[in-house]
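For what it's worth, the numbering used here labels the leading residue of the sequence shown as 46, then goes sequentially.
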Amino acid sequence: MTLLFTRFSVNLAARSRATVPKRWKTTISSMMPESTRDVQLRRSYLYVPAASDRMLEKSLTNNSDMIIYDLEDSVPPSAEDKSAARHRLVSFIRQTASMNLPRPSRVGVRVNGIGTDFFQKDIWQVLALGQSIRTILMPKIHSAADLDIVSDEIYASRNQRPDGSPELNINIIASIESAKGLWHVGEIAAWQSKHGSPLGGKLSALLFAAEDYCADTSVIRTSSRQELLFARSRIVNAAKAYNLHAIDMVCVNYKDLNYLKEECEDGRRLGFTGKQAIHPTQVDIIHSTYVPTAKEIERAANIFRQMLLAHASNKGAVGIDLEGGGKEMVDAPMLKQAVNTIAVARAAGLYIPNIA
Numbered sequence: 046m047t048l049l050f051t052r053f054s055v056n057l058a059a060r061s062r063a064t065v066p067k068r069w070k071t072t073i074s075s076m077m078p079e080s081t082r083d084v085q086l087r088r089s090y091l092y093v094p095a096a097s098d099r100m101l102e103k104s105l106t107n108n109s110d111m112i113i114y115d116l117e118d119s120v121p122p123s124a125e126d127k128s129a130a131r132h133r134l135v136s137f138i139r140q141t142a143s144m145n146l147p148r149p150s151r152v153g154v155r156v157n158g159i160g161t162d163f164f165q166k167d168i169w170q171v172l173a174l175g176q177s178i179r180t181i182l183m184p185k186i187h188s189a190a191d192l193d194i195v196s197d198e199i200y201a202s203r204n205q206r207p208d209g210s211p212e213l214n215i216n217i218i219a220s221i222e223s224a225k226g227l228w229h230v231g232e233i234a235a236w237q238s239k240h241g242s243p244l245g246g247k248l249s250a251l252l253f254a255a256e257d258y259c260a261d262t263s264v265i266r267t268s269s270r271q272e273l274l275f276a277r278s279r280i281v282n283a284a285k286a287y288n289l290h291a292i293d294m295v296c297v298n299y300k301d302l303n304y305l306k307e308e309c310e311d312g313r314r315l316g317f318t319g320k321q322a323i324h325p326t327q328v329d330i331i332h333s334t335y336v337p338t339a340k341e342i343e344r345a346a347n348i349f350r351q352m353l354l355a356h357a358s359n360k361g362a363v364g365i366d367l368e369g370g371g372k373e374m375v376d377a378p379m380l381k382q383a384v385n386t387i388a389v390a391r392a393a394g395l396y397i398p399n400i401a
């Protein structure tokens with residue numbers, strides 16, 4: 046991949062120097078919308094069961110963009126098991142935070158839902174860990190009112206801590222798992238805490254829990270995923286409307302990596318920015334799929350360069366040759382797509398030729 050980009054950069058840079066006068070040079074940053082200037086990749090969200098000492102230890106060496114320590118579905122439902130998992134996770138984080146715990150911005154905890162007897166203790170004990178945990182994944186969010194309950198608990202727990210750090214945001218990931226949640230996904234995406242984001246939490250992402258959704262709606266899962274197209278598209282649209290991350294469903298067939306790649310490609314085409322993972326072997330494929338391909342980067346760079354030339358000639362659109370013949374008309378919306386592609390590629394560390 047690196048060699049491909051290097052060769053491409055040499056050729057593109059040479060062509061660009063020959064065609065774009067210096068006075069027309071523009072940096073990508075000057076044309077990039079505020080929402081894309083500092084793209085932070087959140088491609089993979091790996092669940093780590095808090096009930097397992099072995100898996101907690103292994104999480105320290107995992108390269109997932111986000112580690113989500115799980116107190117919910119991966120823990121047996123008894124009060125004893127829930128309490129033991131919570132205690133195990135808190136002890137683990139306290140013992141490792143000063144050494145090799147992943148960066149706090151990349152660590153989250155999936156707590157138990159607001160309708161359970163475990164929710165309050167989960168929130169209070171997790172947030173008592175201070176700066177080590179910045180993200181709470183909330184399952185079974187059905188409405189904005191559910192987020193109000195979460196926010197009230199965050200606010201109460203932080204106010205009771207003598208060493209509280211209200212200047213640190215607590216990011217909330219809302220999991221859409223039901224027909225009701227999907228129906229209200231717009232108001233969920235628009236939600237803001239009445240306590241203000243530093244004290245009451247800030248919504249950062251919408252997540253699609255496909256298996257829970259199917260259980261709630263009697264949707265029959267197939268390998269084509271067509272039965273989930275409406276739900277997934279609706280969640281992506283709501284997330285993008287409010288500048289949130291959109292996190293796609295788990296690929297439960299975790300041993301079929303070819304199918305995982307196909308599902309990742311499908312999710313990225315729909316607009317998802319990341320995907321949940323239930324096994325470490327899924328992470329690398331998610332990472333390699335949720336970034337632009339070499340052809341997409343080449344096309345974006347070409348559009349960017351050609352639009353600079355068009356603007357310098359007082360034109361708002363330009364025709365670009367298509368591979369295999371024909372021409373494609375490119376204007377402002379396609380330039381915006383190109384800028385978004387370049388922003389993600391840069392965040393992933395992929396070299397973008399001839400673009401500062």
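Think of the CB as a built atom: it goes at the ideal place given N, C-alpha and C, for glycine as much as any other residue.
Check	Outcome
Start-to-end residues for the beta strand (DSSP E) that takes in D115	111-115
Local conformation of M100 per DSSP, three classes	helix
For Q351, three-class secondary structure by DSSP	helix
Through-space distance from V120 to I280, alpha-carbon basis	27 Å
S136 classed as buried or exposed, judged by whether at least 16 other C-beta atoms fall within 10 angstroms	exposed
H132, buried or exposed, once every other Cβ within 10 Å from all chains shown has been counted against 16	exposed
Pick from M379, L174, Y114, N214 that is closest to E341, judged by C-alpha positions	M379
Nearest-angstrom Cα separation, counted from N157 out to F253	16 Å
Coarse secondary structure for R155, derived from DSSP in three states	strand
A346 versus P337 - alpha carbon distance	12 Å
Element boundaries [alpha helix (DSSP H), containing M294]	Element bounds for M294: n/a, residue is neither H nor E.
Cα-Cα separation, E308 to A255	13 Å
For I215 and I199, believed in contact at Cβ under 8 Å, the rounded distance	6 Å
Same chain, Cβ closer than 8 Å to P66, neighbours up to 5 away in sequence not counted	The predicted position of P66 is uncertain, since its pLDDT is 48 and thus under 50; a value taken from the coordinates is nonetheless stated next. Closer than 8 Å at Cβ, skipping near neighbours: A357.
Local Cβ density within 10 Å of K360, reported as buried at 16 or more and exposed below that	exposed
Of the listed residues S263, L172, E272, Q165, nearest to V152 (C-alpha basis)	L172
C-alpha distance - V15 paired with A377, whole-angstrom precision	In the structure as shown, the chain begins at 46 and stops at 401. Residue 15 is therefore absent and cannot be evaluated.
Integer Cβ distance of G226 from H187, believed to fall under 8 Å	5 Å
CB contact check: D257 to chain B, cutoff 9 Å	Checking the listed chains, one finds no chain B in this structure; it contains a single protein chain.
Which of helix, strand or coil DSSP assigns to G371	coil
For Q409, the three-state DSSP class (helix, strand or coil)	Examination of residue 409 is not possible in this model, given that the chain is present from 46 through 401 alone.
Secondary structure, beta strand (DSSP E): runs of 3+ residues fully inside the stretch 239-300	247-253, 290-293
Alpha-carbon to alpha-carbon, E232 and I194	15 Å
Sequence-distant residues of its chain with Cβ nearer than 6 Å to L134 (five each side left out)	A95, Y114
Distance between A383 and R344 (C-alpha atoms, nearest Å)	8 Å
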